[in-house]
Amino acid sequence: MAEETASGRFDRLGFDPAWLSVPAGLLAAGLVLTVGPLSTGASRMLAITLFCIALWIGTPVEPWFTAVLGIGLIGVVFSADLALTGFRSPATWLVVVGILVGEAASESGLAGLVERVAVACLPERALGDAVATYTYLLVALSAGSLALAVLVPSALVRVLVLAPILVSLGDLFEERRATVGIFLGPLFATFYGASGVLTGSLANIIVAGLVESGGGPAITWTEWALWLGPVMGVGRVAVVVAVAYLLYRPRDSDGVATPEAESVATTASERRMLAFLLVGVAVWATDFLHGLHPLFGAIVVALLAFAPRVGVVDPGAVGEADFSILFFLGAIFAIAEGLRRTEFTDLAATTLLSFLPADPSLPVVLGFVVAVSLTLTLVMEGLAVASVLTPVLVSFAGSTGVPLVPVAMVESVALTAYFFPYQSAVLVAILGFDVVDSVELSKMAGLCSVATILLLVPVQIGLFALVF
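If you read the sequence shown in the working numbering, its first letter stands for residue 1, the second for the next number, and so on.
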């Protein structure tokens with residue numbers, strides 16, 4: 001008789017192994033509280049963090065439930081002010097308003113327009129062939145997603161606008177795997193590929209701003225695009241496309257609908273929604289003039305889309321949007337702020353950098369910066385890591401004579417190499433569309449990150465070593 005698998009035994013007993021994450025989280029928290037060489041405050045904050053991370057990885061309950069639990073624990077152990085600090089972050093409300101923008105883009109029919117245009121441009125040889133259609137759509141949509149990163153300085157907004165369109169296009173395929181690939185490929189292209197565009201990622205903007213405010217050089221948009229664009233922009237999108245193709249290409253070549261040719265003429269609602277989005281793009285693309293946070297561009301689009309008479313969506317549609325992600329974001333930023341206030345993050349960054357050898361070469365420093373950044377993103381949101389680690393790196397570069405520009409750029413690249421949804425608000429937003437589960441999202445994120453680290457980072461470091 002064949003040996004019964006562990007999962008089979010769990011199924012027979014009616015036990016979900018995801019619940020093993022609860023004792024695992026409690027064990028990790030207990031070890032930190034009892035044997036961790038930290039201050040009382042740092043130990044308590046890290047214990048809460050590890051417990052929440054265990055539940056977010058295992059997902060025995062919905063992520064928002066774990067987030068509310070984490071907020072409650074922080075409030076009881078520390079203070080209500082710290083527990084609720086995440087709800088004061090503009091990034092949190094950017095996601096909330098972005099959900100409204102995504103809802104409006106979907107309800108306006110704009111997703112249908114994009115689908116009609118994409119189908120109309122399909123090569124004739126690809127019609128009826130699921131693999132050829134999948135390949136064409138994956139490459140074309142990923143390239144377009146990278147182009148959008150040049151115009152819209154927020155990966156969150158780009159994801160929230162693109163996702164409904166990708167869901168609509170994915171419905172052309174009979175196999176779920178192809179639907180998942182068309183959904184994840186372009187979204188990861190606009191998220192990961194934004195490393196090569198200064199204004200394409202909030203992490204880039206924060207790192208560059210902290211470098212300048214710390215006495216370092218002002219990194220221009222052109223300079224960023226010149227050094228990172230080819231490898232970490234175009235190259236990273238190519239990696240994403242390759243991963244999405246290998247993981248999710250259709251197995252059945254006949255498993256695609258051949259839609260009837262439809263007119264690509266736009267309706268009044270579609271034209272208005274497109275105009276509203278372009279207004280938002282104008283606000284985002286001119287942030288160097290007015291200095292407004294991307295949140296306000298999203299607010300403008302949402303107000304126009306839901307406004308009486310001129311809008312494209314009935315205000316009642318707000319009730320159909322899912323805002324549970326708000327609690328997740330609130331918990332992420334509360335944890336990050338708690339780790340900062342208890343000085344755990346400063347201690348962690350300084351300790352990690354202390355392992356560098358004396359008088360290191362530039363490639364060694366850059367490789368170490370990547371390792372430190374990746375390590376810190378395991379317990380902190382990427383934007384929080386940028387705000388903590390960048391000042392330490394500015395000071396380190398100044399004292400050792402290492403050129404700061406490549407250090408800052410490599411840090412920013414590492415801050416967009418994720419493995420689990422809890423590490424980034426953008427990944428949480430992707431998860432919120434309920435197209436993929438956390439395991440599928442983690443698999444895609446992890447493979448793209450590993451490929452970036454093993455293939456592209458060495459090339460980028462080699463380029464910096466030759467030039468600086």
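Here a beta-carbon is modelled for each residue, glycine too, at the ideal position from N, C-alpha and C. Here the structure is a predicted model, which is why all the values come from computation and not from measurement.
Cα atoms of Thr286 and Asp171: separation of roughly 36 Å, rounded to the nearest angstrom.
C-alpha of Thr49 to C-alpha of Ile299: approximately 32 Å in a straight line. Contact between the region 236–256 and the region 444–458 is present, with at least three C-beta pairs closer than 8 Å. Separation of Ala24 and Leu100 (C-alpha to C-alpha, rounded to the nearest whole angstrom) is 37 Å. A contact is defined here as three or more CB-CB pairs under 8 Å, and the region 129–149 fails this definition with respect to the region 292–309. Secondary structure of Val310 (DSSP, three-state): coil. Ser195 is a Cβ neighbour of Val413, given a cutoff of 7 Å.
Distance between Leu366 and Ser395, taken at the CA atoms: about 15 Å. When the alpha-carbon of Val310 is set against those of Ala275, Asp16 and Ala408, the nearest one is in Ala275. Distance from the CA atom of Glu223 to the CA atom of Trp93, rounded to whole angstroms, is 31 Å. DSSP places Val256 within a strand segment (E or B) once states are collapsed to three. The beta carbons of Ala118 and Phe433 sit no closer together than 7 Å. For Gln423, no alpha helix (DSSP H) run applies, since DSSP gives it neither H nor E. DSSP, reduced to helix, strand and coil, places Phe183 within a helical segment of the structure shown. By the CB criterion at 7 Å, Ile57 and Phe333 fall outside the cutoff. In this structure, Gly401 sits away from Gly86, with a CB-CB distance that is not shorter than 7 Å. DSSP, read as helix, strand or coil, puts Phe296 in helix.
For Met45, the uninterrupted alpha helix (DSSP H) run begins and ends at Thr40 to Gly58, by DSSP. Ranked by Cα distance from Ala178, the first of Ser253, Gly209 and Ala282 is Ser253.
The alpha-carbon separation between Thr351 and Leu376 amounts to approximately 12 Å.
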